[in-house]
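Read through the structure below, which is laid out as structure tokens, and then see the notes.
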Amino acid sequence: MRHLTGATALVLALTLAACATTAGPPTTPSAPTRAAAPTAGTGSSTVSTTTCGVTAEFDQPVERIVSIKSSVTEAVVALGAADRLVGVAALDGPLPAHVTGVDDSAWEVTLPVIAERVPSFEAVAELEPDAVLAGWESNLSADGAGERAMWADLGVPTWVSPSACRDPHLQPEKLSFDDVFAEIRTLGHVLGEDDAAARLVAAQRAALAGTEEATAPLRALWWSSGTDTPFVGAGIGAPQLVMETAGLVNIAADIRDTWTSMSWEEVAARAPDVIVLVDSSWNTAAHKREALAANPVTAALDAVVHERYLVVPFPATESGVRTADAALALRAQLAEVAP
2 MRHLTGATAL
12 VLALTLAACA
22 TTAGPPTTPS
32 APTRAAAPTA
42 GTGSSTVSTT
52 TCGVTAEFDQ
62 PVERIVSIKS
72 SVTEAVVALG
82 AADRLVGVAA
92 LDGPLPAHVT
102 GVDDSAWEVT
112 LPVIAERVPS
122 FEAVAELEPD
132 AVLAGWESNL
142 SADGAGERAM
152 WADLGVPTWV
162 SPSACRDPHL
172 QPEKLSFDDV
182 FAEIRTLGHV
192 LGEDDAAARL
202 VAAQRAALAG
212 TEEATAPLRA
222 LWWSSGTDTP
232 FVGAGIGAPQ
242 LVMETAGLVN
252 IAADIRDTWT
262 SMSWEEVAAR
272 APDVIVLVDS
282 SWNTAAHKRE
292 ALAANPVTAA
302 LDAVVHERYL
312 VVPFPATESG
322 VRTADAALAL
332 RAQLAEVAP
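The working numbering applies: residue 2 is where the sequence shown begins, and numbers increase by one.
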């Protein structure tokens, strides 16, 4: 088990500071690969996995976990490893009360929150983690919780949600539930919770059975954030997967990105029949409804006039253990508002 000492944390600080001020010559990258299936190391005492082009080896058992972002924290809890969390940060909302495939009692935990946003590398290092898990690549940066290479130099493996890779060559061509479930199984293997991952995936596959049945092809806008210029779900990420599974046609499906900016004029031109409102503490669904009604560009949209709104909580909008439930919830809401 690898633990950081105060001296080691100081080395990390000095190393990151040097990297922030000195730029070396560019290196020629190797051919990118997508997330690789985890493999057992020598004597099965380590698990090796590659996420977003970075390979890391996790000594088993992983006992001191720091997780950054709700999606990865919820995955750790869902896999039964909440008691190994020594620090969590950047929570996008409260834990859910229910997730398909997870006992409801699993969510009755008190999380060791160390920061409302992305923590500093010093704050993480003080916890002496033996694994740092992140929902976004940007969480592990010199300005954030420390670059992945720096943690590797200290013998601390890192993991990033494969669906959040910034390199388009490392992203899924178009996110599918096979990708979501592979991510859950991979993290389960890293944490030594293969059985829990298998049960969760099986339960969610069963819950999704039948969603391929055709529904009315209503056009939908996925409004995530922003007011003057909305940030919307595009054609290859979790919003596209959730809407497609719910029986909706994404008006931004032609844009090859996970999320994108789109003017209100363009939204109006694409004329959504329903609007998916992402509910967050900093931009609530209620605020979005008011903004749509007050905006002269959108006020006359059929979806706004007839208040055809579907709501999804922000933490459920990224690939993870809540993706299946988000799709099922929207499908149920759609049955109530569809014209």
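No residue lacks a Cβ here, since even glycine has one placed at the ideal position from N, Cα and C.
- The C-beta separation of Ile237 from Gln334 comes to about 23 Å, leaving the pair out of contact by the 8 Å criterion.
- Looking at the DSSP output, Trp224 sits in a beta bridge with Val233 and Leu278.
- A buried status is given to Ala247, since no fewer than 16 other beta-carbon atoms sit within 10 Å of its beta-carbon.
- Per DSSP, the beta bridge partners of Glu58 are Ser49.
- The DSSP-derived three-state label of Ile185 is helix.
- Residue environment: Ser71 is assigned as buried (16 or more neighbouring CB atoms within 10 Å of its CB, all protein chains considered).
- Beta bridge pairing from DSSP links Trp265 with no other residue.
- Spanning the alpha carbons of Thr261 and Ser226 requires a straight line of approximately 10 Å.
- Between Ala328 and the set Gly193, Glu127 and Val243, the nearest pair of CA atoms involves Val243.
- Gly88 has Val67 as its beta-bridge partners, per DSSP.
- Counting every other CB atom within 10 Å of its CB across the protein chains shown gives Asp180 a total of 16 or more, marking it as buried.
- Between Ile256 and Leu222, the C-beta spacing is not below 8 Å.
- For Pro340, DSSP assigns no beta-bridge partner whatsoever.
- Annotation for Pro240: the continuous alpha helix (DSSP H) segment containing it runs Ala239 to Ala247.
- In the DSSP secondary-structure assignment, Asn284 is bridged to Ser281.
- Comparing C-alpha distances from Phe232 to each of Pro163, Val338 and Val279 shows the shortest one belongs to Val279.
- By the neighbour-count criterion, in which 16 or more other beta carbons inside 10 Å mark a residue as buried, Trp152 falls on the buried side.
- In the three-state scheme derived from DSSP, where H, G and I count as helix and E and B as strand, Asn251 is classed as strand.
- Between Val78 and Trp108, the C-beta gap is smaller than 8 Å, which places the two residues in contact.
- Within the DSSP secondary-structure output, Pro314 pairs in a beta bridge with Asp280.
- Trp160 is bridged by DSSP to Leu134.
- Here DSSP, grouped into helix, strand and coil, assigns Ala300 to coil.
- Rounded to the nearest angstrom, the Cβ distance from Ala82 to Leu201 is 12 Å, too far for a contact under 8 Å.
- The residue among Gly321, Phe178, Glu213 and Glu64 with its C-alpha nearest the C-alpha of Ala135 is Gly321.
- The DSSP-derived three-state label of Leu219 is strand.
- DSSP, reduced to helix, strand and coil, places Val119 outside both helices and strands of the structure shown, so it counts as coil.
- Here the C-alpha atom of Leu112 lies approximately 15 Å from the C-alpha atom of Arg118.
- Between Ala132 and Asn140, the gap from beta carbon to beta carbon reaches 8 Å or more.
- Cα atoms of Ala339 and Val305: separation of roughly 13 Å, rounded to the nearest angstrom.
- Counting other Cβ atoms within 10 Å of its Cβ, Thr56 stays below 16 and is therefore classed as exposed.
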